[in-house]
Amino acid sequence: MKAGPKAAVSDQPLPFKPRSEVESERFLAFADKFLRVPKGTNSRGKLHLRDWQVEIAQDVLDSGARTVGLMLPRGSGKTTLNAAIGLYAFFCWGDGANVVVFAVDERQAGLAFSAARRMVELSPELAERCQVFKERLYIPATDSSFAVYPASPAAAEGLDYVLAIVDEAGVVNRDLFEVVQLAQGKRAKSVLVAIGTPGPNVEDQVLLSLREYALAHPDDRSIRWREFSAVGFEDHPVDCEHCWSLANPALDDFLHRDALVALLPPKTREATFRRARLCQFATDVDGAFLPPGVWDSLANGEPVPDGLDVVVALDGSFSDDTTALLVGTVSTEPHFDKIKVWERPPGDESWRVPVAEVEDEIRKACQRWNVVEIVADPFRWTRTLQVLESERLPILEFPHSPSRLTAATGDLYSAALNGKMSHSGDSTLAAHVGAAVIVEDSRGIRLAKQSRSRKARKIDLAACLVMAHSRATWRATRNTRKKARSFR
Numbered sequence: 031m032k033a034g035p036k037a038a039v040s041d042q043p044l045p046f047k048p049r050s051e052v053e054s055e056r057f058l059a060f061a062d063k064f065l066r067v068p069k070g071t072n073s074r075g076k077l078h079l080r081d082w083q084v085e086i087a088q089d090v091l092d093s094g095a096r097t098v099g100l101m102l103p104r105g106s107g108k109t110t111l112n113a114a115i116g117l118y119a120f121f122c123w124g125d126g127a128n129v130v131v132f133a134v135d136e137r138q139a140g141l142a143f144s145a146a147r148r149m150v151e152l153s154p155e156l157a158e159r160c161q162v163f164k165e166r167l168y169i170p171a172t173d174s175s176f177a178v179y180p181a182s183p184a185a186a187e188g189l190d191y192v193l194a195i196v197d198e199a200g201v202v203n204r205d206l207f208e209v210v211q212l213a214q215g216k217r218a219k220s221v222l223v224a225i226g227t228p229g230p231n232v233e234d235q236v237l238l239s240l241r242e243y244a245l246a247h248p249d250d251r252s253i254r255w256r257e258f259s260a261v262g263f264e265d266h267p268v269d270c271e272h273c274w275s276l277a278n279p280a281l282d283d284f285l286h287r288d289a290l291v292a293l294l295p296p297k298t299r300e301a302t303f304r305r306a307r308l309c310q311f312a313t314d315v316d317g318a319f320l321p322p323g324v325w326d327s328l329a330n331g332e333p334v335p336d337g338l339d340v341v342v343a344l345d346g347s348f349s350d351d352t353t354a355l356l357v358g359t360v361s362t363e364p365h366f367d368k369i370k371v372w373e374r375p376p377g378d379e380s381w382r383v384p385v386a387e388v389e390d391e392i393r394k395a396c397q398r399w400n401v402v403e404i405v406a407d408p409f410r411w412t413r414t415l416q417v418l419e420s421e422r423l424p425i426l427e428f429p430h431s432p433s434r435l436t437a438a439t440g441d442l443y444s445a446a447l448n449g450k451m452s453h454s455g456d457s458t459l460a461a462h463v464g465a466a467v468i469v470e471d472s473r474g475i476r477l478a479k480q481s482r483s484r485k486a487r488k489i490d491l492a493a494c495l496v497m498a499h500s501r502a503t504w505r506a507t508r509n510t511r512k513k514a515r516s517f518r
């Protein structure tokens with residue numbers, strides 16, 4: 031693959047002369063001649079577009095609409111289809127055919143660009159005419175670009191495009207979407223495509239707003255809407271075959287049925303599954319982390335016996351919030367109990383967490399149990415962790431990155447619903463778990479307070495629980511008594 035500003039590329043037109051004047055038919059001919067599947071099922075094979083994908087292409091290319099809204103579930107090949115349509119416009123729409131793709135974050139933007147780049151790489155005819163840069167493709171002969179950006183409103187200012195694709199429109203920033211919308215008008219022909227899966231916020235969601243407008247104004251030809259969903263069948267169970275077929279046009283094709291079965295609740299939350307796999311605008315009843323009664327059913331009234339192998343989790347703050355210590359047994363079905371909680375007294379604005387006292391409590395825990403790990407997010411507690419490590423205590427950092435928290439939170443939820451854990455019944459621990467709600471966005475799920483108010487109910491022991499459960503079960507599946515990975 032030739033790349034870079036000095037790469038020698040051909041200025042000859044593509045060997046492509048389709049007879050049809052219908053844009054979608056020309057696109058199909060382009061895809062058949064030049065495009066290959068970039069990854070996954072049938073990777074490197076010819077890109078064979080299904081009938082339902084052709085209908086989407088017709089909406090984008092033939093309808094004359096300025097805005098096209100598309101709602102599909104996850105696993106429907108949106109990234110590949112976006113790349114294919116974008117490359118067609120990029121190579122075939124003449125001078126200055128600028129194509130822009132906005133993704134919700136840098137990771138998703140990278141995926142979108144990788145699909146387009148790989149398609150070019152697999153086609154000698156396209157590769158010979160296109161320069162490849164880190165974040166864009168460029169055709170010198172027509173001064174056309176194909177660029178992918180994370181969803182920043184600032185990055186969208188001053189756009190001049192023939193095709194703009196806003197990916198993950200269920201969670202994309204509305205300000206960004208409106209900036210991209212308002213960039214239209216500089217070209218006689220330009221199309222904005224908003225494509226995605228429903229997000230968790232039904233009160234302010236670009237995808238839902240487009241759907242509501244299109245359904246309320248069927249005669250407005252400036253907007254086109256298409257969805258594959260089981261909306262209207264929310265009363266059906268999540269494993270309803272009828273709903274699966276309605277919402278998943280790729281099912282039993284390049285979307286494998288066993289993958290959906292493997293993710294059925296309780297392995298994922300029901301509302302999350304309905305949004306991601308059935309395209310239903312589902313919301314949790316109250317946002318609580320666990321369904322009513324689940325936490326109480328896991329209590330056995332027993333503390334953690336002295337001398338056992340355990341993990342100690344610390345969730346610390348400086349002044350405004352609570353600092354908490356939790357202990358959990360190393361087991362595939364661990365048992366948990368509160369060690370101690372420090373909380374700012376009401377009205378005492380000068381209060382600070384007694385750091386030395388917290389450190390002493392951790393030392394006492396190490397004398398009481400065989401502590402194999404002391405796990406904590408190092409944010410604001412770096413010095414404490416370094417001090418304890420200098421005393422040869424087994425410190426392990428647990429940075430609260432989205433990927434780590436999503437996996438750990440999902441594992442804890444599944445264990446609680448399936449009775450694969452227990453706890454002492456401590457009332458403070460129960461209150462913290464009961465106050466925790468789930469926040470979901472493009473990066474995954476994580477626990478959060480119900481609000482940012484100082485008066486909001488505390489969840490610090492619940493945060494400890496996520497860390498302790500993750501590490502306790504990991505330790506239990508490995509026959510090792512080695513020291514935890516050093517904090518340093």
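Residue numbers for the sequence shown follow this note's numbering, beginning at 31 and rising by one.
All C-beta atoms, glycine included, are put in the ideal place defined by N, C-alpha and C.
Within 8 Å, strictly: CB atoms of residue i and residue j
| i | j | result |
| --- | --- | --- |
| Ile86 | Arg256 | yes |
| Leu495 | Phe409 | no |
| Asn128 | Ser174 | yes |
| Pro248 | Leu237 | no |
| Ala498 | Val324 | no |
| Ala186 | Leu167 | no |
| Val467 | Ala318 | yes |
| Val150 | Ala142 | no |
| His430 | Asp407 | yes |
| Ala502 | Thr359 | yes |
| Ala301 | Leu276 | no |
Through-space distance from residue j to residue i, alpha-carbon basis
| i | j | result |
| --- | --- | --- |
| Ala145 | Gln138 | 11 Å |
| Ala280 | Ser106 | 6 Å |
| Ser454 | Val469 | 27 Å |
| Glu332 | Val67 | 57 Å |
| Thr436 | Pro180 | 21 Å |
| Asp3 | Ala354 | The question about residue 3 has no answer here: the residues shown for the chain are numbered 31 through 518. |
| Trp504 | Glu136 | 30 Å |
| Ile225 | Val134 | 12 Å |
| Glu387 | Ala395 | 12 Å |
| Arg104 | Trp372 | 43 Å |
| Glu89 | Val405 | Looking at the sequence itself, residue 89 is Asp, so the reference to Glu does not match. Rounded to whole angstroms, Asp89 to Val405 spans 52 Å at the Cα level. |
| Ser93 | Gly116 | 16 Å |
| Val84 | Ser444 | 39 Å |
| Glu51 | Arg74 | 29 Å |
| Asp250 | Ser54 | 21 Å |
| Lys69 | Leu79 | 15 Å |
Bridge partners - residue i, DSSP secondary structure assignment
| i | result |
| --- | --- |
| Val467 | Ala318, Ala478 |
| Gly337 | The partner list for Gly337 (beta bridge, DSSP) is empty, contrary to what the question assumes. |
| Arg256 | Leu100 |
| Ile169 | Ser174 |
| Val324 | None; Val324 has no bridge partner. |
| Val268 | Paired residues: none, contrary to the question. |
Span of the beta strand (DSSP E) around residue i
| i | result |
| --- | --- |
| Ala87 | Ala87 -> not in any beta strand (DSSP E); alpha helix (DSSP H) instead, spanning 81-91. |
| Asn400 | 400-406 |
| Trp274 | Segment 271-277 is the alpha helix (DSSP H) holding Trp274; no beta strand (DSSP E) there. |
| Gly226 | 221-226 |
| Ile195 | 193-197 |
| Leu355 | 353-359 |
| Lys368 | 365-372 |
| Ala133 | 129-133 |
Terminal residues of the alpha helix (DSSP H) in which residue i lies
| i | result |
| --- | --- |
| Ala38 | First-last for Ala38: undefined, no H or E at that position. |
| Pro180 | Where Pro180 is concerned, there is no enclosing alpha helix (DSSP H), although the beta strand (DSSP E) it sits in stretches over 174-180. |
| Thr109 | 108-122 |
| His499 | 490-506 |
| Val210 | 204-212 |
| Ala95 | Careful: Ala95 lies outside any alpha helix (DSSP H) and carries neither H nor E. |
For this session: Entirely within the segment 404-470 and at least 3 residues each: give me those beta strand (DSSP E) ranges in chain order.
Result: The segment 404-470 contains these whole beta strand (DSSP E) runs: 425-427.
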